[in-house]
Amino acid sequence: MKKIFLLFLALNLTACGELQQVIDQLPQGQTALGNDQIAAGLRQALDKGIKSQVSKLTQEDGFLKNEAVKILLPEELQKVDKTLRDIGLGNLADEGLKVINRAAEDAVGEATPIFVDAVKGITFNDAKNILLGSDDAATQYLTSATQTQLYAKFNPVIKNSFDKVGADKVWSNLISKYNSIPLTKKVNPDLTDYVTQEALKGVYTMIAVEEKEIRNNAASRTTDLLKRVFSLQD
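Under the numbering used here, the residues of the sequence shown are numbered 166 to 399, in order.
Printed below as a string of structure tokens:
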């Protein structure tokens with residue numbers, strides 16, 4: 166009843182100062198949020214995804230023991246894995262799988278500032294539609310807007326991480342053993358490219374996890390801006 170009275174009074178006031186006083190007394194939720202404020206809320210949600218979820222990937226086994234993002238062998242190397250296991254070299258195959266996930270874990274830790282900067286610089290052309298979209302709409306937008314640029318920055322980090330965790334030596338040994346087996350088709354995969362793609366995919370997957378949580382669980386909206394923005398899509 167109070168809201169109706171205030172709105173009625175506002176319509177009948179002519180002085181700008183008096184009108185502004187009435188508007189200021191309206192409950193905060195009655196004032197529509199602009200595109201800039203919604204965009205800021207979306208950026209904050211993505212940034213929270215990096216801090217809450219992507220940081221988990223940088224821990225030991227962050228990729229390897231997370232089934233949602235664990236990096237499996239590319240199709241080209243699945244036959245390598247099977248063949249090595251068939252001839253009793255399962256431990257070597259396991260080590261090969263472990264080190265590519267270790268490289269991703271190390272690289273994500275090194276490259277997290279890249280993702281933070283990307284989120285800060287992202288421009289939402291139609292923030293309201295993204296806000297009212299699917300549970301991972303903001304993450305999808307982030308992916309389309311940053312994936313090419315981030316790949317170029319992320320790839321050398323993966324390469325350095327391969328060297329750092331010894332993945333290059335493990336896979337050189339593994340591939341050499343496989344290629345020495347009679348009647349096998351020789352392989353020389355670009356593991357740096359493959360792990361880069363998979364690591365990026367894992368990062369976006371975990372950001373989407375947090376976005377969905379913020380959209381569906383009001384308790385996850387830990388700032389006033391998140392509360393105001395995401396209440397619009399409830």
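Built from N, CA and C at the ideal position, the CB exists for glycine as well.
Taking a contact to require three or more Cβ pairs closer than 8 angstroms, the segment 361–371 and the segment 283–300 do not qualify as touching. In this structure, the alpha-carbon of lysine 285 lies about 42 angstroms from that of leucine 257.
Scanning Gln398, Asp399, Arg380 and Ser396 for the CA closest to the CA of glycine 214 turns up Arg380. Shown here, lysine 230 sits in coil according to DSSP, grouped into three states, outside any helix or strand.
Residue state for glutamine 224 is assigned as coil, using DSSP reduced to three classes.
Sorting Ser345, Asn294, Val273 and Lys247 by C-alpha distance to the C-alpha of leucine 315 places Val273 at the top.
DSSP places leucine 339 within a helical segment (H, G or I) once states are collapsed to three.
The three-state reading of DSSP puts alanine 269 in helix, counting H, G and I together. Residue range 200–214 is occupied by the alpha helix (DSSP H) that includes arginine 208. CA-CA distance, valine 234 to threonine 361, rounds to 13 angstroms. Per DSSP, the unbroken alpha helix (DSSP H) holding proline 321 starts and ends at 302–330. In the structure shown, phenylalanine 280 adopts helical secondary structure according to DSSP, grouped into three states. Under the three-state reduction of DSSP, arginine 393 is assigned to helix.
By the Cβ neighbour-count rule, alanine 303 is buried, with 16 or more other Cβ atoms within 10 Å of its own.
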